[in-house]
């Protein structure tokens, strides 16, 4: 039966449209399990009915015409319960409903399986037998698997309007769902981002000439660096300097000692340049993919994109030129920031990507350019999006394919309204951030790159609320020396002085390992990470704290943040280590001051211990992204459960209330770091 299943799946995937897909399914399932009837009912929320969309065994004239009201009959019961129903004597069931319009005779055996996508019942796949027959477990599993296969095809048909002829002709436009990457709405035509060279397809091969392979690799890296600098210069006048610094981040990754060195070492070991590049890119991307920090996790996409670009130059390939429509919506499986930057600015109106999140560089760049973007779109049919009319709703994370006239008119109205609001908002730029009742809310920069702070319009910020110190550790092949760290931190502190700068101590671990300090765990998110690593290796922590204190001499704006705190003992031990570093530097003749020390509340246990923590520190910051994920046990970057992530969930709001109450007891300031 497994071989039959594979054959059916292959044929279904090759079907041109949903109508052919459904016809294939009902015919092939009927043949495979030797039943008398196989039918598909699709759920139509507009008419609140299950519509017969395909059948093999009932009257073909009934397709599209016969429907069952929601909750009626055995089909309604399967949809209602969202679970299979297997009966040998269906007429004896109290919910049995005979439909004469289908030419139905007395069928006893009944198996109904729900078609589900993202927890929504899209329809029911039904098989019937005239004789009394209870279908076997293997047969139930077989039909269940095909129902899951159908779900993706139905989801696409809903979005593209392909479902219309199978249900009701007056249906409203359907849409694909993703996550908002950049707010706004736009109407345009799809342009599929060109497919770069495929690293995964590169085979292992022995190097003919190691010296030539090394030279070719270095030349390819240099060519990509030139490409990035060219794009950076082209966008210099089109986006804010702090966002243009994203290209500096890409150049920093490309110039990473470990990336280049590891590739060269693999070549010198006998691997040809493309194969060596494939291995080193995969290793570096895996490091970032395992990280818990959303921003850093998204850098895996950047690493892969850089690798594909290097390979393109190694192979002397040029991507096929893309013809960008006058109102281009760039579509791709994994759209990169570089691909976005290559679209002429006067033609780009939107971005749709199957992969990525709001922390992706492409989403950050889209926000800087004022272009709406939807990320992480499940079941995105990229191959069918070229030159299709699309609507991108960056507020709700929706993409409409071939929208109806009514939907198009509504979004045109919304786009005009948005332009008017944007013009009004521009007049408020530079004014203090405060609520309508006069309460001031200072805004701080959240960053992890020196270049971002150097290029930022610092007047817009009250300081740096979180500076992630991990990236300089990740792009080297060894721990950075204290003097190197001093130089990096000094530049950040000087840029914002006298405003406060909160430097977060190194937050690494099993989910965020360093290339030269590997940590392998079965469950890294709950393992050896953050301050747990710092306490296990105080020499790393003290070196970093010494660098921070030295960098702040005569500036007096340093504050130190301790991440992933779960209990008071951790704070007590870390404060002792900070005091030790401070005393050492005083003995060495450095005029260092003792900084303010704070904790990041991102573990639920810290919420319950907030008063004890607040007593020991000078300030508190709530990491809402991680705290929400831990409270709800939901990975917001997993498209299967991402819709369960809710930063306004009552449990999250109660946790925030408890934190605020706790810090007020000791009159400590508290801030939010993340989305809310």
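Residue numbers (the working numbering): 16 to 691. In this text, a Cβ means the ideal position worked out from N, Cα and C, and glycines have one as well. Being a predicted model, the structure only gives us computed values, none of them experimental.
Exercise. What residues are listed by DSSP as bridge partners for residue 367?
Worked result: 346, 389
Exercise. What span of residues does the beta strand (DSSP E) with residue 500 cover, start to end?
Worked result: Premise fails: residue 500 lies in the alpha helix (DSSP H), 497-511, not in any beta strand (DSSP E).
Problem set entry | Where residue 85 sits in the DSSP three-state scheme | coil
For this session: Mark residue 49 as exposed unless 16 or more other C-beta atoms lie within 10 angstroms of its C-beta, in which case mark it buried.
Result: exposed
For this session: Could you give the DSSP three-state label for residue 129: helix, strand or coil?
Result: strand
Problem set entry | 8 angstroms Cβ cutoff met for residue 555 and residue 521 | yes
Exercise. When DSSP builds the beta bridges, which residues end up paired with residue 461?
Worked result: 481
For this session: Can you have a look at residue 317 and say buried or exposed, based on whether 16 or more other CB atoms are within 10 angstroms of its CB?
Result: buried
For this session: Indicate whether residue 159 and residue 128 have their beta-carbon atoms separated by less than 8 angstroms.
Result: yes
For this session: Mind the definition here: the segment 286-294 touches the segment 422-433 only if three or more C-beta pairs lie below 8 angstroms; say whether that holds.
Result: no
Problem set entry | Exposure label - residue 46; buried when at least 16 CB within 10 Å | exposed
Exercise. Would you call the CB atoms of residue 649 and residue 659 closer than 8 angstroms?
Worked result: yes
Problem set entry | Contact check, residue 205 vs residue 344, beta carbons under 8 angstroms | yes
Exercise. Grouping DSSP H, G and I as helix and E and B as strand, with all else coil, what is residue 186?
Worked result: Residue placement at residue 186 is flagged as unreliable, the pLDDT there being 42, under the threshold of 50; the coordinate-derived value follows with that caveat. It is coil, neither helix nor strand.
Exercise. DSSP beta-bridge partners for residue 138?
Worked result: 57, 130
Exercise. Got a sec? Which residues, its chain only, sit under 7 angstroms from residue 220 by beta carbon, not counting five neighbours each side?
Worked result: 287, 290
For this session: Below 8 angstroms CB to CB, which residues in the same chain sit around residue 70 once its five sequence neighbours on both sides are set aside?
Result: 41, 52, 53, 54, 55, 77, 78, 117
Problem set entry | Close-in-space but distant-in-sequence residues of the same chain around residue 508 (CB under 7 angstroms, 5 per side omitted) | 516, 566, 567, 570, 572, 573
Exercise. If you follow the alpha helix (DSSP H) that residue 413 is part of, which residue opens it and which one closes it?
Worked result: No alpha helix (DSSP H) holds residue 413; the beta strand (DSSP E) holding it covers 413-416.
For this session: Name the two residues that bound the continuous alpha helix (DSSP H) containing residue 384.
Result: 376-384
For this session: Determine, using beta-carbon pairs with one atom in the segment 623-631 and one in the segment 576-583, whether at least three such pairs fall under 8 angstroms.
Result: yes
Exercise. Should residue 418 be labelled buried (16 or more other beta-carbon atoms within 10 Å of its own) or exposed?
Worked result: buried
For this session: Return yes when the Cβ of residue 397 is within less than 8 angstroms of the Cβ of residue 370, no when it is not.
Result: no
Problem set entry | Which of helix, strand or coil DSSP assigns to residue 394 | coil
Problem set entry | Alpha-carbon to alpha-carbon, residue 410 and residue 504 | 36 angstroms
Exercise. Below 8 angstroms, can you find three or more Cβ-Cβ pairs linking the segment 241-248 to the segment 261-276?
Worked result: yes
Exercise. Sorted by chain position, which residues of the same chain lie with C-beta nearer than 6 angstroms to residue 300's C-beta, five sequence neighbours on each side aside?
Worked result: 315, 318, 319
For this session: Provide the residue(s) that pair with residue 198 in DSSP beta bridges, ordered along the chain.
Result: DSSP output for residue 198 lists no bridge partner at all.
For this session: Identify whether residue 681 lies in helix, strand or coil by the three-state DSSP scheme.
Result: coil
For this session: Check whether the Cβ atoms of residue 82 and residue 66 lie closer than 8 angstroms to each other.
Result: yes
Problem set entry | Backbone secondary structure at residue 151 - three-state DSSP | coil
For this session: Could you spell out the range, first to last residue, of the beta strand (DSSP E) harbouring residue 547?
Result: Here residue 547 belongs to no beta strand (DSSP E); instead the alpha helix (DSSP H) covers 546-551.
Problem set entry | Contact under 8 angstroms by Cβ, residue 389 with residue 196 | yes
Exercise. Can you tell me whether DSSP reads residue 634 as helix, strand or coil?
Worked result: strand
Exercise. Taking Cβ to Cβ, would you say residue 126 is nearer than 8 angstroms to residue 142?
Worked result: yes
Exercise. If we ignore side chains and look at the alpha-carbon of each, how far apart do residue 193 and residue 199 end up?
Worked result: 14 angstroms
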